[in-house]
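J.: Dropping the structure in here first, questions after.
Numbering (our numbering), first residue to last: 1 to 294.
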């Protein structure tokens, strides 16, 4: 399988023309008609007994109707690891052959921010171990998120120790889609460890995605807004991450996209064509490899 590295900058008008591309307490609801997805809400993914874990460590599942062996996208919300609620990624609801998982996780200051990575790993492990019961294919699980959610997704995908703790490997994942994520050590993680340095002074250590980039990692797609209006330094550090992964050959595929005219917030409403096409390419490449092996 060839590595893929793409540098692509969209003008807004062109980008939106591409949008047509591609395929309560534990409540369960099926929409009218066979073509509607089935949703299952508030599934606990941890056995920790404390009240805060019981409240926050829940996920929602949206299953495609009439589909088997489907892929799954596990989505982590943003909010600086201090706020936010689980939600479906915009523009993915009702996709054929794609299940969605929306995850809540514990937040600082009730926990140290780095502990949210453990929650993210536990949620991903739950999906890898259980998605086949719902008709999915555990070899087609992608992790994704926006901002802080991208940081958590990236740490699960790049740092093997988190999924190892659940008897799994980070390379069990089909891919990672990181939307405007911090590639250096997250500022809230640093703050909760007592770091007093300026937030914009980047740190690279075991709690950074870049600091784990020497490991073998799943195919990775990095999507950013326009560096002129994105979160400060976010685009530049992701280009560094892409360069490191490419030079070290850590992933079979690594792509990076800077979407012009979109800021840190609006990029979350316009990344869908890129992400969907990445999923399609990865699945198609995996199928070709499987066919050659047979």
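Think of the CB as a built atom: it goes at the ideal place given N, C-alpha and C, for glycine as much as any other residue.
Would you call the segment 151-165 and the segment 196-205 touching, i.e. three or more CB-CB distances under 8 Å?
T.: Too few Cβ pairs lie closer than 8 Å, so no.
J.: Could you give the distance in angstroms between the alpha-carbon of residue 278 and the alpha-carbon of residue 215?
T.: Taking the straight line from one Cα to the other gives about 21 Å.
J.: Would you kindly work out how many angstroms separate the C-alpha atoms of residue 159 and residue 211, rounded to a whole number?
T.: Approximately 9 Å, taken between the alpha carbons.
J.: When we look at the beta-carbon of residue 228 and count the other beta-carbons within 10 Å, is it buried (16 or more) or exposed?
T.: Looking at its Cβ environment, which holds fewer than 16 other Cβ atoms inside 10 Å, residue 228 is exposed.
J.: Count the CB pairs spanning the segment 65-72 and the segment 87-98 that are closer than 8 Å, and state whether there are at least three.
T.: Touching, yes, given that three or more Cβ pairs across the two stretches are closer than 8 Å.
J.: Starting from residue 73, follow its DSSP beta bridges and name the residues at the other end.
T.: Paired residues: 100 and 142.
J.: Would you tell me roughly how many angstroms separate the C-alpha atoms of residue 164 and residue 102, rounded to the nearest one?
T.: Their backbone Cα atoms lie some 22 Å apart in a straight line.
J.: Go through its chain and collect everything with a Cβ distance to residue 52's Cβ below 8 Å, but skip five positions before and after it.
T.: If we look at residue 52 and ignore the five residues flanking it on each side, its Cβ neighbours are 106, 110 and 111.
J.: So residue 155 is in the alpha helix (DSSP H); what residue range does that whole segment cover?
T.: Looking at the DSSP string, the run of the alpha helix (DSSP H) that includes residue 155 is 148-158.
J.: Considering only C-alpha positions, which residue in the set 275, 85 and 137 is nearest to residue 92?
T.: Checked all of 275, 85 and 137; the closest Cα to residue 92 is 275.
J.: Determine the DSSP secondary structure at residue 220, reduced to helix, strand or coil.
T.: Residue 220: strand per DSSP, three-state reduction.
J.: Going by Cα to Cα distance, which pick from 235, 146 and 188 is closest to residue 269?
T.: Checked all of 235, 146 and 188; the closest Cα to residue 269 is 146.
J.: Pairing CB atoms from the segment 215-224 with CB atoms from the segment 115-126, are three or more of them under 8 Å?
T.: Judged by Cβ distances under 8 Å, the segment 215-224 makes no contact with the segment 115-126, as fewer than three pairs qualify.
J.: So, is residue 237 buried or exposed, given that buried needs 16 or more other C-beta atoms within 10 angstroms?
T.: Answer is buried; the Cβ neighbour count reaches 16.
J.: Specify the secondary structure class of residue 226 as computed by DSSP and reduced to three states.
T.: Residue state, collapsed to three classes: coil.
J.: If we count the other Cβ atoms within 10 Å of its Cβ and call it buried at 16 or more, is residue 89 buried or exposed?
T.: That one is buried.
J.: Rounded to whole angstroms, what's the CA-CA distance from residue 114 to residue 48? Just pull it up for me.
T.: Distance between the alpha carbons of residue 114 and residue 48 is about 17 Å.
J.: Rounding to the nearest angstrom, what Cα-Cα distance links residue 76 and residue 204 in this structure?
T.: One C-alpha to the other measures close to 22 Å.
J.: On the criterion of 16 or more Cβ atoms from any shown chain inside 10 Å, does residue 56 qualify as buried, or is it exposed?
T.: By the neighbour-count rule (16 or more Cβ atoms within 10 Å), residue 56 is buried.
J.: Evaluate residue 121 with the Cβ neighbour count: other Cβ atoms within 10 Å of its Cβ, from every protein chain shown; 16 or more gives buried, anything less gives exposed.
T.: Under this definition residue 121 is a buried residue.
J.: With residue 58 and residue 130 assumed to form a contact (beta carbons below 8 Å), what rounded beta-carbon distance in angstroms separates them?
T.: The pair is not a contact, with the Cβ atoms about 14 Å apart (cut-off 8 Å).
J.: Thinking residue 264 and residue 180 are a contact (beta carbons under 8 Å), I'd like their distance in whole angstroms, please.
T.: That belief holds up - the Cβ atoms of residue 264 and residue 180 are roughly 5 Å apart, short of 8 Å.
J.: For residue 132, which three-state DSSP category applies?
T.: Residue state, collapsed to three classes: helix.
J.: Classify residue 47 as helix, strand or coil using the three-state DSSP reduction.
T.: It is coil, neither helix nor strand.
J.: Hey, out of 78, 80, 118 and 132, whose CA is closest to residue 61's CA?
T.: Residue 61 has its Cα closest to that of 132, out of 78, 80, 118 and 132.
J.: What span of residues does the beta strand (DSSP E) with residue 279 cover, start to end?
T.: That residue, residue 279, is in no beta strand (DSSP E); its alpha helix (DSSP H) goes 272-293.
J.: By the DSSP assignment, the alpha helix (DSSP H) with residue 236 in it spans what residues?
T.: Run containing residue 236: 234-248, per the alpha helix (DSSP H) assignment.
J.: On the DSSP bridge assignment, give the partners of residue 254 in chain order.
T.: Paired residues: 220.
J.: Using three-state DSSP, classify residue 58 as helix, strand or coil.
T.: Residue state, collapsed to three classes: strand.
J.: Which whole-angstrom value is the C-beta distance of residue 162 and residue 117, which I expect to be below 8 Å?
T.: Between residue 117 and residue 162 the Cβ distance is about 6 Å, and since that is below 8 Å, they are a contact.
J.: Going by the beta-carbon positions, is the gap between residue 63 and residue 134 smaller than 8 Å?
T.: Going by C-beta atoms, residue 63 is nearer than 8 Å to residue 134.
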